[in-house]
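When the count follows the numbering used here, it moves up by one through the sequence shown with no breaks and lands on 326 for the last residue.
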Amino acid sequence: MASEDADISKAAEVLKNGGVVAFPTETVYGLGAHALDETAVAKIFAIKQRPRFDPLIIHIADLSQLDGLVESLPEPALRLAERFWPGPLTLVLPKKPIVPDLVTAGHPTVAVRMPQHPLALKLLNSCGLPLSAPSANPFGQVSPTRAEHVEEQLGDQVDMIIDGGACAVGVESTIVSFAGDEPQLLRPGGTPKELIEETIGELSIPGEKQAQTASPGRLSRHYATRTPLVFADQAEPAQEGEKRGYLCLQAPASPHNYQAVEVLSSTGNLNEAASRLFAAMRRLDKLQLDLIVADRPPLEGLGRAMHDRLQRATQRHLEIPQEHQA
Ligand code: TXA
Ligand code: MG
């Protein structure tokens, strides 16, 4: 694994030659390839085993790169970019023809963000390319927040992994779409909805079905552990001998009922809790438990994104929308 300057230059070369590099962002690790090189992008889909109906986010290092990718930038979108970039916010905008259909899954829009991690920005600047990058995990599974997570799951398939330590935000970017008449929140994430609304006014929130059409990656089951997961307020009383883990927001009232407890933030800080969520899910998932019980995060700040990810992890079945079924 690599993190030195020389390694960034090497990774930039790999990307220019159509390779795939896993790199840290402030949200989660991404699996990057040259966004305008269809053959390179196809490798991402193959490595992740990601269905081709699920479009990718393009990462840029400078606002000037946006011009080459999108047809237009509505004024409220510009205001968001100016306030939150670099940062955990993705904007969905009308695409230019140069953006391959593979990247956008045939949609007339493209999702773009400027990540905040210094190594991500160094890499983007060093290669000078827009990089398509989904989270660096096999499709449907928990996103990686440390280089080791990528190494474990995809280490033998990527050309290089850049190690930037633990991701500070820990949940994926918030996605706001400007495809329709009014801005829509397609995915709650690292930029709180409250702050976005403070900047551009109220966001519309599509229903689950509509959200899946607008943002095909929003399948009901996602971010999933192998171990079944339920919210604490939905858990049945434990059976005799049943092994349970507890994913706890703050201090647990009765830790002795559990085989293992993960406290996400001893002070109840939602930002800290979000940054630790995915790694804690992975640790519990390795313990051969029968069930993971999770506290339900409040629907405020980063709690909204945590609630969304956990809610999806409670779904046991991966539903492929009918229109995409073979
Ligand atoms: O924080 C993040 O956003 C991370 C890091 C690596 O940047 N990336 C990430 O990518 O979460 P991924 O591929 O795991 O999730 C991208 C989401 C998917 O749900 C996809 O459907 C949606 O973005 N998306 C991409 N392009 C879109 C488009 N043109 N219209 C609507 N949704 C889009
Ligand atoms: Mg993902």
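Ideal placement from N, C-alpha and C gives every residue a C-beta, glycine not left out.
Around the beta carbon of residue 107, a 10 Å sphere encloses 16 or more other beta carbons of the protein chains shown; the residue is thus reported as buried. Annotation: residue 300 to residue 271 spans about 11 angstroms, alpha carbon to alpha carbon. For residue 41 against residue 69, the beta-carbon gap comes to about 14 angstroms, at or over 8 angstroms, which does not count as contact. By the CB criterion at 8 angstroms, residue 142 and residue 258 fall outside the cutoff. Here residue 137 is buried: its Cβ has 16 or more other Cβ atoms, across all protein chains shown, within 10 Å. One residue list follows from the rule of a beta carbon closer than 6 angstroms to any heavy atom of ligand 2, given in chain order as 134, 135, 143. Nearest neighbour of residue 117 by Cα position, chosen from 292, 174, 61, 283, turns out to be 61.
Within the same chain, Cβ atoms closer than 7 angstroms to the Cβ of residue 279 are found at 145, 146, the five residues on either side in sequence being excluded. For residue 216, the secondary structure class from DSSP, reduced to helix, strand or coil, is coil. Remark: the shortest separation between the CB of residue 56 and any heavy atom of ligand 1 falls under 7 angstroms.
As for any beta strand (DSSP E) of minimum length 3 sitting wholly inside the stretch 257 to 288, the runs are 260 to 263, ordered along the chain.
For residue 174, the enclosing beta strand (DSSP E) begins and ends at 174 to 177. Distance check between residue 71 and each of 312, 205, 178 places 178 closest, using alpha-carbon atoms only.
Closest option to residue 27, judged by alpha-carbon separation, among 199, 225, 210, 173: 173.
Look at residue 113 here: in three-state DSSP terms it is strand. Using a C-beta cut-off of 8 angstroms, the stretch 153 to 169 makes contact with the stretch 15 to 35, since at least three inter-stretch Cβ pairs fall below that distance. Residue 187 carries a strand assignment under DSSP once its states are collapsed to helix, strand and coil.
Annotation for residue 303: no beta strand (DSSP E) segment contains it, though the alpha helix (DSSP H) segment containing it runs 303 to 313. Taking the Cα positions, residue 286 is about 25 angstroms away from residue 303.
For residue 83, the enclosing alpha helix (DSSP H) covers residues 75 to 84. Counted as a single uninterrupted DSSP element, the beta strand (DSSP E) harbouring residue 248 occupies residues 244 to 248.
Shown here, residue 225 sits in coil according to DSSP, grouped into three states, outside any helix or strand. Note: residue 9 is not bridge-paired with any residue in the DSSP secondary-structure output. By the beta-carbon neighbour count (other beta carbons within 10 angstroms, threshold 16), residue 316 is exposed. Here the alpha carbon of residue 125 sits roughly 23 angstroms from the alpha carbon of residue 55. According to the DSSP secondary-structure assignment, residue 231 is paired through a beta bridge with 294. In the DSSP assignment, no residue is bridged to residue 53. Residue range 89 to 94 is occupied by the beta strand (DSSP E) that includes residue 90, with no alpha helix (DSSP H) assigned at that position. The beta carbon of residue 202 is closer than 6 angstroms to none in its chain, skipping five residues each way along the sequence.
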